[in-house]
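Protein chains in written order, with this note's numbering: chain W, 1079 to 1189; chain P, 15 to 125.
By construction, the Cβ of each residue, glycine as well, lies at the ideal position given by its N, Cα and C atoms.
What you are looking at is a predicted structure, and each value in this text was computed from that prediction instead of being measured.
Right, one structure below, let's go through it.
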Amino acid sequence: EAQVTQNPRYLITVTGKKLTVTCSQNMNHEYMSWYRQDPGLGLRQIYYSMNVEVTDKGDVPEGYKVSRKEKRNFPLILESPSPNQTSLYFCASQIGSSEAFFGQGTRLTVV
Amino acid sequence: SQQGEEDPQALSIQEGENATMNCSYKTSINNLQWYRQNSGRGLVHLILIRSNEREKHSGRLRVTLDTSKKSSSLLITASRAADTASYFCATDSGNTGKLIFGQGTTLQVKP
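Below, the structure written as structure tokens:
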């Protein structure tokens, strides 16, 4: 089954404690991206990757890092999380300009 | 940056009625996509319409695109309670795969 898998689904952490949210897709898609969703703000792109070892900033990259060492994986790293990074995060993958496939989301709370 | 503006923000109808949601955008596009999101879950792709298309159908869904007005509409006919969800438009402007989402329309279909 074609899917994008994110882990964990829920995470509560403390300010400053480094964390990684994993994302994996099994569709051999080249393009992957991370979004955060906040009430009243819709989905905003954090980072994207057009292929292995090619990543670039989206609209709200501050406080986040990503890596793309393999085609299927695109982890999101928060080196020093802060409360304003409390949000619902989605990973997505797609081929070029076609439809995007989304993971089920990671609800992060930073206290 | 937000490209799509959706209208209305919330819509409540009775089962069997039609639901129409509108999306306006600011820059020229390669394609426009509509997604559905059940509460707190991942987004699911519904339909994609290219910039050279004016109308597209998929089951009970009908999407129109007016590039001169930079607007699109999504019509759900004969709505069902299971259609209750948030609906988002997303635009692809550069063949890069980057999608810019609107803030969404929350649809409630009452049984």
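Query: In the DSSP assignment, find the beta strand (DSSP E) that holds W:Gln1084 and state where it starts and stops.; Result: 1082-1085
Query: Round the Cβ separation of W:Glu1108 and W:Met1128 to the nearest angstrom and send it over; I've been treating them as touching at under 8 Å.; Result: 6 Å
Query: Applying the 10 Å Cβ sphere with the 16-neighbour rule, what's the burial state of P:Gln23?; Result: exposed
Query: Comparing alpha-carbon positions, which option in W:Pro1161, W:Phe1179, W:Ile1124, W:Leu1186 lies nearest W:Ser1102?; Result: W:Phe1179
Query: For P:Asp80, count neighbouring C-beta atoms within 10 Å of its own C-beta (all shown protein chains included) and say buried if the count is 16 or more, exposed if not.; Result: exposed
Query: Taking W:Ile1090 as the reference, give the member of W:Val1082, W:Tyr1142, W:Gln1163 with the closest Cα.; Result: W:Gln1163
Query: Can you give me the Cβ contacts of W:Ser1175 inside the same chain, cut-off strictly under 8 Å, excluding the 5 residues immediately before and after it?; Result: none
Query: With a 10 Å radius around its C-beta and 16 neighbouring C-beta atoms as the bar for buried, classify P:Glu20 as buried or exposed.; Result: buried
Query: Helix, strand or coil: which one does DSSP assign to P:Ala96?; Result: helix
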